[in-house]
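Participant: So the sequence lines, in the order shown, correspond to chains X and B.
Here this note's numbering is used: the first residue of the first sequence is 1, the next is one more, and so on.
Here this note's numbering is used: the first residue of the second sequence is 1001, the next is one more, and so on.
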Amino acid sequence: AQSVTQLGSHVSVSEGALVLLRCNYSSSVPPYLFWYVQYPNQGLQLLLKYTSAATLVKGINGFEAEFKKSETSFHLTKPSAHMSDAAEYFCAVSDSGYSTLTFGKGTMLLVSP
Amino acid sequence: EAGVTQFPSHSVIEKGQTVTLRCDPISGHDNLYWYRRVMGKEIKFLLHFVKESKQDESGMPNNRFLAERTGGTYSTLKVQPAELEDSGVYFCASSQDTLGSEQFFGPGTRLTVL
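#1: Can you name the start and end residues of the beta strand (DSSP E) that residue 1048 (chain B) belongs to?
#2: Specify the secondary structure class of residue 27 (chain X) as computed by DSSP and reduced to three states.
#3: How would you write the range of the beta strand (DSSP E) that residue 7 (chain X) sits in, first residue to last?
#4: In chain order, what residues of the same chain have a beta carbon less than 7 angstroms from the beta carbon of residue 1069 (chain B), not counting five sequence neighbours either side?
#5: Given that residue 1041 (chain B) touches chain X, what residues does it touch there, using C-beta distances under 9 angstroms?
#6: Starting from the C-beta of residue 8 (chain X), find all residues in its chain whose C-beta is less than 8 angstroms away, skip the five residues before and the five after it, and write them out in chain order.
#7: Does the count of Cβ pairs from the segment 89 to 96 of chain X and the segment 31 to 48 of chain X closer than 8 angstroms reach three?
#8: Would you give the residue range spanned by the beta strand (DSSP E) that residue 36 (chain X) belongs to?
#9: Below 8 angstroms between beta carbons: does that hold for residue 1089 (chain B) and residue 1108 (chain B)?
#10: For a contact meaning CB atoms closer than 7 angstroms, what does residue 55 (chain X) contact in chain B?
#11: With a Cβ-Cβ cutoff of 8 angstroms, do residue 101 (chain X) and residue 1045 (chain B) count as a contact?
#12: Label residue 31 (chain X) either buried or exposed according to how many other C-beta atoms from any shown protein chain fall within 10 Å of its C-beta, with 16 as the threshold for buried.
#13: The beta strand (DSSP E) spanning residue 1090 (chain B) covers which residue range?
#14: For residue 1015 (chain B), which residues of its own chain have a beta-carbon under 8 angstroms away from its beta-carbon, when the five flanking residues on both sides are left out?
#15: In angstroms with no decimal places, state the Cα-to-Cα distance between residue 83 (chain X) and residue 1096 (chain B).
#16: 8 angstroms is my cut-off, CB to CB: does residue 1135 (chain B) come that close to chain X?
#17: Determine the DSSP secondary structure at residue 1031 (chain B), reduced to helix, strand or coil.
#18: Going by CA-CA distance only, name the one from X:54, X:94, X:25, X:110 that's closest to residue 75 (chain X).
#19: Going by the DSSP bridge assignment, what does residue 1053 (chain B) pair with across the sheet?
#20: Just to confirm my understanding: we take residue 1011 (chain B), look at its own chain, exclude 5 residues before and 5 after, and list those with CB closer than 6 angstroms. What are they?
#21: Which of helix, strand or coil does DSSP assign to residue 1084 (chain B)?
#22: On the CB-based measure, 16 or more other CB atoms within 10 Å of its CB, does residue 1029 (chain B) come out buried or exposed?
#23: Using only CA atoms, which one of X:41, X:55, X:4, X:113 lies nearest to residue 28 (chain X)?
Written out as structure tokens, the structure reads:
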């Protein structure tokens, strides 16, 4: 069975600081990995996905994530936080890319001026 | 192109009543998924349609939940009778039938059972 662990239900950063949101997964097959973001009163929006191509994946809004098989991790980073990045972020895993997603519990990113 | 839409955005009902949630996927998307997030917990899979057929309904909590997808277009999720533990946000997503396709999510329906 697949599972996703997101460390920290809340992460606080200052505007301009590095954003690091952690995600570890378990999967019995080579995984497809995703990061989604949910802004208030909106649906989930895909930030980026890993589908066994390059291990460093670049997404929208300046976010990127690195797939590390040895660490079973897929951490999300952004060099400089903006106030508009405040949202809830979800890491998810799938075993085929269009089958069902298994989500982590989500991490709320808080950005202070 | 319109995204995934869900109706209603909010629903407040009393225990024992019936509620029907609707999802309209992106046109041309054969795959349709329902997920649910109970407060404080992770988003969990409920079921997956491919066109009008149920591909996987292993996440459906019990037989009080009934999902349909008429003609492979929109889908409904009926809860009858609703219980307190059914409260949460119900998300619908759709995707094309190709490997690695992104699932596009709707804004969700917030269901509150009193």
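For each residue, glycine too, the CB sits at the ideal point set by N, CA and C.
Facilitator: Looking at the atomic coordinates:
#1: Locating residue 1048 (chain B) in the second sequence gives position 48, counting from the first residue. That run of the beta strand (DSSP E) goes 1043 to 1050.
#2: As a first step, residue 27 (chain X) is located in the first sequence; it is residue number 27 there, counting from the start. Three-state DSSP puts residue 27 (chain X) in coil, outside helix and strand.
#3: Numbered from 1 along the first sequence, position 7 holds the residue referred to as residue 7 (chain X). From DSSP, the beta strand (DSSP E) with residue 7 (chain X) extends over 3 to 7.
#4: Within the second sequence, residue 1069 (chain B) is the residue found at index 69, counting from 1. Here the set comprises 1032, 1049, 1052, 1075.
#5: Locating residue 1041 (chain B) in the second sequence gives position 41, where the first residue counts as 1. What residue 1041 (chain B) touches in chain X: 105.
#6: Taking the first sequence and counting its residues from 1, one reaches residue 8 (chain X) at position 8. Hits under 8 angstroms: 21, 22, 107.
#7: yes
#8: On the first sequence, position 36 is the one that residue 36 (chain X) refers to. Unbroken beta strand (DSSP E) run through residue 36 (chain X): 32 to 38.
#9: Your numbering for residue 1089 (chain B) matches position 89 in the second sequence. Your numbering for residue 1108 (chain B) matches position 108 in the second sequence. Cβ distance < 8 angstroms, so residue 1089 (chain B) and residue 1108 (chain B) count as in contact.
#10: By one-based count along the first sequence, residue 55 (chain X) stands at place 55. The contacting residues do not exist; residue 55 (chain X) stays about 16 angstroms from chain B at best.
#11: Counting from 1 along the first sequence, the entry for residue 101 (chain X) is found at position 101. Counting from 1 along the second sequence, the entry for residue 1045 (chain B) is found at position 45. Cβ distance < 8 angstroms, so residue 101 (chain X) and residue 1045 (chain B) count as in contact.
#12: In the first sequence, counting from the first residue as 1, residue 31 (chain X) sits at position 31. Label assigned to residue 31 (chain X): buried.
#13: Here residue 1090 (chain B) is taken as the residue at index 90 of the second sequence, counted from 1. Unbroken beta strand (DSSP E) run through residue 1090 (chain B): 1088 to 1095.
#14: Taking the first residue of the second sequence as 1, we reach residue 1015 (chain B) at position 15. Counting only Cβ-Cβ distances below 8 angstroms, and skipping sequence neighbours, we find 1081, 1082, 1083, 1084, 1113, 1114.
#15: As a first step, residue 83 (chain X) is located in the first sequence; it is residue number 83 there, counting from the start. As a first step, residue 1096 (chain B) is located in the second sequence; it is residue number 96 there, counting from the start. Each residue's alpha carbon lies about 33 angstroms from the other.
#16: Past the edges of chain B, shown from 1001 to 1114, lies residue 1135 (chain B), and the structure says nothing about it.
#17: As a first step, residue 1031 (chain B) is located in the second sequence; it is residue number 31 there, counting from the start. Residue 1031 (chain B) falls in the strand class under three-state DSSP.
#18: Taking the first residue of the first sequence as position 1, residue 75 (chain X) is located at position 75. With distances taken between Cα atoms, residue 75 (chain X) lies closest to X:25.
#19: By one-based count along the second sequence, residue 1053 (chain B) stands at place 53. Looking at the DSSP assignment, residue 1053 (chain B) forms a beta bridge with B:1050.
#20: For the purposes of this step, residue 1011 (chain B) is identified with residue 11 of the second sequence, where counting begins at 1. Only 1019, 1111 meet the Cβ criterion.
#21: To locate residue 1084 (chain B), count along the second sequence from 1; it is residue 84. Three-state result, residue 1084 (chain B): helix.
#22: Position 29 of the second sequence holds residue 1029 (chain B). Answer is buried; the Cβ neighbour count reaches 16.
#23: As a working note, residue 28 (chain X) is residue 28 in the first sequence. The option with the nearest alpha carbon to residue 28 (chain X) is X:4.
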